[in-house]
Amino acid sequence: MKGPARITRRLRLAALGAAVASVMATGLSSAAVPAARGNDSAPAGPLRDVIVQVRGTAAAGVAAAVRAAGGTVDEALPVVNGFAAHVPAAALDALRARPDVRAVTENSAVRFATTGYDETTVASSFATASGAAAAWSAGHLGEGVGVAVIDTGVSPMNDLAGRLVHGPDLSGEGTYVDSYGHGTVMGGIVAGSGADSAGHAGGRHAGVAPKATLVSVKVAGRNGAADVSTMLQAMHWVSAYRQQFNIRVLNLSWGTDSTADPATDPLNYAVQRLWRQGVVVVVAAGNAGPGAGTISKPADDPLALTVGAYNDGGNTNPADDTIPSWSARGPSAHGLAKPDVVAPGRTLIATRSYGSKVEQDNPKALVAPSYVKGSGTSQAAAVVSGLAALLAGAHPDWTPDQVKHALRSTAVPINGGGTQAQGSGRVSYAAATNADVSAAPVQSSTATGVGSIEASRGSVHVTADCRQDGTRTVIEGEQDAWCRPWTGASWAGSEWTGDAWTGASWAGASWAGASWAGASWADATWTGASWAGGTWTGASWAGASWAGASWAGASWAGASWAGASWAGASWAGASWASAGSGDGGLFMTAFFGNRPRYGQSVAGEAGEPRPAVAAGSDE
């Protein structure tokens, strides 16, 4: 195996949280834990590889106790207010009993991460068909590259442990857990490690970039309903955080049926702003095929990398590849040739979100222990987002235009597919990473963002309790999801520049409460005054990368963002019911389960053809 030699101890610790520790650190820094050195006494029996979480600022004292017991202290892990260590098995109970120790847990993920990633260890046909598995053997795993996923949330599954960053919950549910189930699948396709399938006889169900950092921004709850204005706020958040998390790729596995002109549409404007800021925006073409002109928005954007789906047949043989009937076809409503490329999108196996609506509705799609089968251009877009992360890691100097050119110019057409269905053809990482990008076209932004937000919604609408009296109002016309008047010109201008996330708006219960609390986040240092007061908004957070021009602005941090519409009844739970669609709305670019048998049907996909009648049969 080629991969294991390249997986170092540094990568193992990164998989446990160091990738995000520099941003999420509270009171513990690497200075709080003395540098690793020899233990003060001889080891007392076999050493166990553990993660030690401490209370408050007790790290130095606990570290000294570990050494006194014959153990060693490794790197600090500020993200869990603790450190990695090797501790004699006989000393573990005493260490756990200390009042200044919150938890001592086995470092099981480390053992898995020492194994290699290559074509012999993966069961995911989409990873091999797209060329990702070959990239792993060359040491390209996406480490250090941030991929933002604006979706229904991403649940904290084992396959994403240590590399998952939860941004704000804009759904109103008050939790980062993916109750709908769509976003966790996308996250797994992009960056799943395959940890929960490590013993699978056929190989692991790994994603495309298994060391990438996944940044989740949740915009919809269990009903899968979200307004365009919520999507725009999420895209603004990604813009503000892109440097903090090295976000090089944004996955948008959703779309509206809007036909608004991309030159003025606000969604297109947001896509193009992010593209100019160095983020490759990957968008699902939609599942409205096979008719012409079925590309969704913002997949109709001229700059974005728009992805359709192909069926890889569950193998790496290109001879049996086909374009499914449901994959959207070009041109766009305004005559643009789309999609740009196609990627595997038929029956992909990826991480599930336990108890989600997707699981409830599709129990036969589950794959033990932690996976689910699904199809769609959503899945195909996630594959390409993972490939873009691999390219960004291998070629950190490449611009979004160059990444797009590399994938398009090296794509291989599928026989009989037609350019309106497949664009340049099926993607290939191996060819793309060696592409000559010196001749990549420099794309120019065309969108102004001053168009109608109602036109951008298409037929999908949500409701909100605008008056906070229990009466729901359909969000339509020129207003946003907070029931405020929408003005395209003001949103496209100062909204993307000023004092953005530093005010009281981020100190409310919705940010510091249940949605941000789990075992590793529930310490007092993450809530109350220390979170909302000077330690959060003061000089320690006000460096150029945190509070610079792109991050700050009164228009984002004023009363309209921090008031009742954000933390009150109108922002919670059932008030976000879909008024126009009960089947997931924007996220119906994916469906789940096996291809239906003859005589059965699944929304978005035809059943199997009638079987041939054997000679002499009564049928």
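Each step along the sequence shown adds one to the number in our numbering, with nothing skipped, and position 230 is 223. Ideal placement from N, C-alpha and C gives every residue a C-beta, glycine not left out.
{"Asked": "Rounded distance between the beta-carbons of V178 and A120, thought under 8 Å", "Found": "Between V178 and A120 the Cβ distance is about 15 Å, and since that is not below 8 Å, they are no contact."}
{"Asked": "Buried versus exposed, by CB contacts within 10 Å (16 or more), S452", "Found": "exposed"}
{"Asked": "Check whether I407 and G418 have beta carbons under 8 Å apart", "Found": "yes"}
{"Asked": "Of the listed residues D258, A58, Y303, T441, nearest to G279 (C-alpha basis)", "Found": "Y303"}
{"Asked": "Residue closest to T480, alpha-carbon to alpha-carbon, out of G176, Q413, E447, C459", "Found": "E447"}
{"Asked": "Minimum C-alpha distance to D93 - residue among A53, S123, A343, T168", "Found": "A53"}
{"Asked": "Close-in-space but distant-in-sequence residues of the same chain around R215 (CB under 6 Å, 5 per side omitted)", "Found": "S172, Y173, K350"}
{"Asked": "Closest Cα partner of T299 within the set L245, A227, L341, G155", "Found": "L245"}
{"Asked": "Span separating the alpha-carbon of P317 from that of A414", "Found": "9 Å"}
{"Asked": "CA nearest to the CA of A58, picked from Y262, L88, A474, L163", "Found": "L88"}
{"Asked": "8 Å Cβ cutoff met for A432 and V420", "Found": "no"}
{"Asked": "Residue range of the unbroken alpha helix (DSSP H) whose run includes G386", "Found": "370 to 387"}
{"Asked": "Helix, strand or coil at A457 [DSSP, three-state]", "Found": "strand"}
{"Asked": "Best match in Q372, S371, P393 for proximity to A616 [C-alpha to C-alpha]", "Found": "In the structure as shown, the chain begins at -6 and stops at 612. Residue 616 is therefore absent and cannot be evaluated."}
{"Asked": "Where E99 falls: helix, strand or coil (DSSP)", "Found": "strand"}
{"Asked": "C-beta atoms of A425 and A457 nearer than 8 Å", "Found": "no"}
{"Asked": "Assigned secondary structure, Y303 (DSSP; H/G/I helix, E/B strand, else coil)", "Found": "strand"}
{"Asked": "Reference V335, options T65, V276, N355, closest by Cα", "Found": "V276"}
{"Asked": "Classification of A61 by the beta-carbon crowding that lies within 10 angstroms, buried from 16 upward", "Found": "exposed"}
{"Asked": "Burial state of G284 (16 or more Cβ within 10 Å)", "Found": "exposed"}
{"Asked": "Contact set for V360: own chain, Cβ-Cβ below 7 Å, skip 5 residues either direction", "Found": "I342, K366"}
{"Asked": "C-beta contact flag for I240 and A141 at 8 Å", "Found": "yes"}
{"Asked": "Where I288 falls, given that 16 or more other Cβ within 10 Å makes a residue buried", "Found": "buried"}
{"Asked": "Buried or exposed (CB count within 10 angstroms, at least 16 for buried), K211", "Found": "buried"}
{"Asked": "Backbone CA spacing between S186 and S130 [nearest angstrom]", "Found": "15 Å"}
{"Asked": "Proximity winner among P149, W484, L163, relative to L157 (alpha-carbon distances)", "Found": "P149"}
{"Asked": "Straight-line Cα distance separating Y169 from H159", "Found": "7 Å"}
{"Asked": "T249 - partner residues in DSSP beta bridges", "Found": "K290"}
{"Asked": "Counted within 10 angstroms of its Cβ, other Cβ atoms place R477 as buried (16 or more) or exposed", "Found": "exposed"}
{"Asked": "Entirely enclosed beta strand (DSSP E) segments - the stretch 319 to 344, minimum 3 residues", "Found": "334 to 337, 341 to 344"}
{"Asked": "First and last residue of the uninterrupted beta strand (DSSP E) at R134", "Found": "The amino acid occupying residue 134 in the given sequence is Leu; Arg does not appear at that position. Looking at the DSSP string, L134 is not in any beta strand (DSSP E), and its letter there is neither H nor E."}
{"Asked": "Bounding residues of the beta strand (DSSP E) (the contiguous stretch that carries Q353)", "Found": "Premise fails: Q353 lies in the alpha helix (DSSP H), 350 to 354, not in any beta strand (DSSP E)."}
{"Asked": "Within 8 Å, strictly: CB atoms of G444 and P291", "Found": "no"}
{"Asked": "Distance CB(W484)-CB(G442) smaller than 8 Å", "Found": "yes"}
{"Asked": "Neighbourhood of L134 by C-beta, 7 Å cutoff - its chain only, sequence neighbours within 5 removed", "Found": "Y110, A202, P203, K204"}
{"Asked": "Beta-ladder partner(s) of G284, from DSSP", "Found": "For G284, which the question treats as bridged, DSSP gives no partner whatsoever."}
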